[in-house]
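Residue numbers (full-length UniProt numbering), protein chains in the order written: chain A, 1 to 531; chain B, 1 to 531.
Note that CB positions come from ideal geometry on N, CA and C, so glycine has one too.
Reading through the structure tokens given below for one structure.
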């Protein structure tokens with residue numbers, strides 16, 4: 001059966017750039033457009049040339065190889081010709097392959113925001129579309145507030161869509177600008193619009209204000225549209241746009257869609273989706289949300305003991321799709337609630353071969369549970385778990401021994417009468433029978449300890465080169481400053497490796513130091529240090 | 001028109017406890033059940049008594065006042081009677097008002113995971129339900145894998161639902177255990193199930209694996225179910241459960257649902273939803289996601305641009321619901337007016353009368369914004385905000401002046417060869433022109449500082465009697481140990497008062513000390529201490 005083509009239109013660089021807290025540089029935009037191009041989306045909307053210097057520079061040249069490079073902007077204003085509208089001329093003279101015009105389709109906004117007549121607005125749509133086509137570009141029209149506009153004045157909303165289509169727009173995109181439309185409404189309204197514009201010329205642009213941007217997009221596809229707009233990881237104004245990263249696997253892997261629709265993303269490209277999502281977060285300098293559908297670190301993780309043993313018998317019946325398809329992996333978590341089979345699975349992943357009848361495995365599980373009862377949390381600290389497991393099974397060398405440490409924090413007036421807070425740490429370790437003492441100042445006690453600990457490991461020093469702390473999290477487990485403190489530390493090296501360690505103590509400094517020691521030890525182990 | 005009742009079933013403490021990275025203590029569960037009870041949900045599923053010590057302790061007594069306190073567990077095993085099934089007996093003997101049994105409804109899992117016959121499974125459902133009812137408890141059955149089971153063997157899935165209903169279960173809950181079912185499938189399958197079990201006895205339990213848990217839940221309601229299961233902020237195994245925080249406003253505010261359905265959450269309770277969501281994140285010690293639908297800090301924020309001026313003309317046409325309804329607020333970055341009226345509200349709440357024309361109020365707003373830009377978060381630290389405000393308006397005496405402090409943490413071998421970690425703090429303050437030095441040991445640096453600071457306030461000592469630290473939270477704002485640290489401290493006295501203070505510094509000890517000083521100062525102010 002020949003499948004119908006469904007087009008993906010990415011607006012990460014345009015609507016995504018409206019996200020509160022995100023500011024793309026030109027260089028960011030160049031990197032992201034490459035990521036999108038390689039992912040196989042059909043359109044990359046790069047921004048709004050004329051609106052700001054970043055977008056002007058970005059549109060100086062074409063930034064995609066395969067995807068249609070698209071510029072966003074407004075239709076011509078009332079009372080002037082296209083030739084005299086600097087906004088439209090800016091779009092036409094840009095390096096874009098396609099122009100996506102935003103046009104009002106709610107009569108109320110035509111009056112209040114544009115201050116022109118309904119007819120002038122239609123004329124603006126038609127003339128702008130024709131100008132883009134005359135300039136050799138593909139034209140499309142984002143019908144702003146389409147669904148609210150349709151509810152307020154169905155005829156006018158439809159006439160905006162129809163005008164764009166009849167003027168030659170390749171796509172008429174129905175935008176749920178305020179994000180409050182519900183999926184069944186989207187479905188019914190799209191159905192109605194197809195009586196005026198064929199589905200193969202309709203697109204959907206959904207926002208997540210009721211947490212249903214993905215559902216709204218898919219409802220529109222079921223209603224007939226053949227273009228979906230969305231963004232990487234669902235970034236975008238307010239609550240974000242439809243999440244392309246969730247849409248793609250559903251469209252590729254769910255027979256409801258994949259049986260009759262085809263998108264431009266191949267199986268191979270799909271298998272890179274997890275890293276696309278995480279690399280994008282890296283680029284934004286934000287921690288990936290591990291609960292993201294399909295690509296999150298926990299998306300195929302099971303903690304429940306009652307499920308875990310059955311999962312190992314037949315994963316397919318516990319997973320709605322195979323994690324490998326999107327480059328993710330199954331994880332069975334070792335925790336308070338889990339059993340022996342979880343642990344064996346986790347050990348196998350660490351490359352530790354263990355027999356389930358080996359009594360040391362059962363006793364390791366006992367140790368983990370005991371430690372978790374005192375506050376350790378190993379599911380978020382894989383490196384500490386691996387060290388614990390390898391030590392229990394007798395494999396980790398004692399690279400160094402901490403004899404003692406001390407750290408002091410002092411706040412006082414300095415010689416110039418300013419209040420200053422100083423932190424200084426001293427760490428005394430023994431390596432190869434030799435005692436080494438290091439001292440360091442830091443911005444806080446943990447920073448000082450971290451620097452002092454890594455300052456002089458003697459012959460092992462080159463094995464921890466580039467080790468760096470990325471994140472540091474503290475959780476107080478029972479409340480109050482004298483309660484148990486759990487510290488989670490994320491570290492990385494220069495080779496793209498990241499690992500997590502944990503420390504627990506009544507004393508926050510002590511807990512931090514444990515996690516620091518685990519981090520350094522893990523790095524030494526991975527780098528094959530020998531004693 | 002009489003509206004039909006739709007019931008909210010919260011499983012934050014059961015399915016939410018399966019979240020990777022979340023480990024609730026008994027104390028956490030007690031606080032959360034109170035939050036849920038006050039929010040107006042109908043059922044609070046507290047956990048799985050018998051599965052772990054935390055849940056055993058939590059179910060020792062009833063933890064809700066209004067909501068039905070519900071225990072989760074498995075139906076009886078094949079080959080034994082209910083009376084001889086310790087799992088079922090544990091549920092029956094718990095303090096729960098209701099029991100939610102999980103039962104297989106996919107024949108494949110009956111065979112593979114349970115290893116019994118289809119008939120034995122049905123018998124287990126019926127007997128378990130009857131036993132709960134005989135014990136005076138409300139019974140319900142979670143049909144695990146219902147949708148996948150229905151697709152594989154419709155008749156068997158339906159007979160599980162029917163058996164539960166006919167045995168007397170108040171609710172038969174259709175679970176999308178693997179989370180891969182799509183909204184229109186949910187709708188159609190629910191429709192079919194209503195031919196066997198009335199909609200008023202059906203529930204939906206959806207997961208977010210395709211980012212459609214909310215849409216699936218609402219599709220099920222449209223199909224006829226009258227109970228929705230979900231969790232606070234959508235936590236839960238893998239990608240999470242249906243997000244109760246998104247469902248509630250949609251059900252309350254969208255005419256499609258609110259015209260004919262009624263939930264147990266009042267308008268007043270709805271207006272506290274934003275703070276419920278944020279307080280829950282605080283409790284989990286995680287940064288609230290500012291893009292959350294309805295309650296996120298950015299949910300009603302618009303970056304100044306093409307929308308900005310129109311929004312000021314008529315906000316309603318740019319917002320799908322009014323932010324005030326859920327206790328959130330509009331953020332239009334072109335105007336400070338909203339900020340000022342918020343601050344006046346806040347001051348009034350503290351009992352501070354201020355005129356909006358008083359230039360000190362505007363400058364206070366500026367100071368707050370500046371401090372928030374450096375990392376302070378006054379939303380969660382009312383006592384620190386009140387001190388800042390009263391100081392700015394010139395009202396807080398300087399009860400004491402901190403000259404200096406120092407704290408040392410040392411880990412070493414003691415005389416008996418044991419490793420010990422010691423913390424000692426020295427605080428030097430001036431009261432009434434007299435310098436006082438105090439020294440104290442503590443379980444960690446902050447505990448030592450806290451004790452030393454409160455040890456000798458001279459004539460003010462009796463004013464801080466019973467002051468106690470309840471909770472201490474640390475958040476690293478930029479990642480890494482040398483980043484900005486924010487400390488939130490919760491304090492209480494013997495009279496049932498609780499207050500929150502904040503400190504921010506590059507140095508965790510310094511930040512903690514700021515929050516401690518604010519806590520003591522606030523207490524002195526409230527107790528009417530005079531200099």
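Out of curiosity, what's the CA-to-CA distance linking residue i and residue j?
i             : j             : result
residue 532/A : residue 296/A : With chain A running from 1 to 531 in the structure shown, residue 532/A is simply not present.
residue 522/B : residue 387/B : 7 Å
residue 286/B : residue 502/A : 17 Å
residue 484/A : residue 50/B  : 26 Å
residue 70/B  : residue 93/B  : 12 Å
residue 317/A : residue 180/B : 11 Å
residue 533/B : residue 355/B : Within the shown structure, residues of chain B are numbered from 1 to 531, placing residue 533/B beyond reach of any answer.
residue 515/A : residue 384/A : 8 Å
residue 419/B : residue 425/B : 20 Å
residue 336/B : residue 345/B : Its pLDDT being 40, under 50, residue 336/B is placed unreliably in this model, and the coordinates cannot settle the point.
residue 496/B : residue 524/B : 16 Å
Which of the three DSSP states, helix, strand or coil, is assigned to residue i?
i             : result
residue 234/B : helix
residue 274/A : helix
residue 244/B : helix
residue 149/B : helix
residue 508/A : helix
residue 262/B : strand
residue 408/A : strand
residue 100/A : strand
residue 461/A : helix
residue 363/B : helix
residue 536/A : Nothing in the structure corresponds to residue 536/A, since chain A is present only between 1 and 531.
residue 376/A : coil
residue 442/B : strand
residue 294/A : coil
residue 280/B : helix
residue 494/B : coil
residue 46/A  : strand
Note down, in chain order, each residue of its chain lying with its Cβ closer than 7 Å to the Cβ of residue i, except the 5 sequence neighbours on either side.
i             : result
residue 326/B : 249, 270, 271, 273, 274, 294 and 295
residue 3/B   : 260, 261 and 262
residue 31/A  : 283
residue 135/A : 92
residue 40/A  : 264, 265, 266 and 269
Go through its chain and collect everything with a Cβ distance to residue i's Cβ below 6 Å, but skip five positions before and after it.
i             : result
residue 24/A  : 17
residue 427/A : 405, 438, 452 and 453
residue 220/B : 186, 190 and 204
residue 278/A : 288
residue 458/A : 431
residue 57/B  : 26
Might you give, ordered along the chain, the residues of its own chain that have their beta carbon closer than 8 Å to the beta carbon of residue i, omitting 5 neighbours on each side?
i             : result
residue 122/B : 159, 160 and 163
Please list the residues of the region 170-186 of chain B that have a C-beta atom closer than 7 Å to any C-beta atom in chain A, keeping them in chain order. 178, 179, 180, 182, 183 and 184
Check each residue of the region 191-214 of chain A: if its Cβ is closer than 7 Å to any Cβ of chain B, include it; give the result in chain order. 208, 209, 210, 211, 212 and 214
Name, going along the chain, the residues of the region 249-281 of chain A whose beta-carbon falls closer than 7 Å to a beta-carbon of chain B. 250, 254 and 256
The region 490-510 of chain A touching the region 485-493 of chain B, judged by at least three CB pairs closer than 8 Å: no
Three-pair Cβ contact test at 8 Å for the region 171-183 of chain B versus the region 235-248 of chain A: no
Answer yes if the region 144-151 of chain A comes into contact with the region 99-108 of chain A, meaning at least three C-beta pairs across the two stretches below 8 Å, and no otherwise. yes
Which residues of the region 27-57 of chain A have a Cβ closer than 7 Å to any Cβ of chain B? Give them in chain order. none
Please list the residues of the region 83-109 of chain A that have a C-beta atom closer than 9 Å to any C-beta atom in chain B, keeping them in chain order. 102, 106, 108 and 109
The region 289-305 of chain B: which residues have C-beta closer than 9 Å to a C-beta of chain A, in chain order? 289, 290, 291, 292, 293, 294, 296, 297, 298, 299, 300, 301, 302, 303 and 305
Below 8 Å, can you find three or more Cβ-Cβ pairs linking the region 118-133 of chain A to the region 63-79 of chain A? yes
For the region 114-137 of chain B, which residues have a beta carbon sitting closer than 7 Å to at least one beta carbon of chain A? none
Cβ-based contacts, 9 Å cut-off: residues of the region 222-241 of chain A near chain B: 222, 234, 235, 236, 237, 238, 239 and 240
Quick one: which residues of the region 425-454 of chain A get their C-beta closer than 8 Å to a C-beta of chain B? List them in chain order. 442, 443, 444, 445, 446, 447 and 450
Using a Cβ-Cβ cut-off of less than 9 Å, give me the residues of the region 396-421 of chain A that come near chain B, in sequence order. 402, 403, 404, 405, 406, 407, 408, 409, 410, 411, 412, 413, 419 and 421
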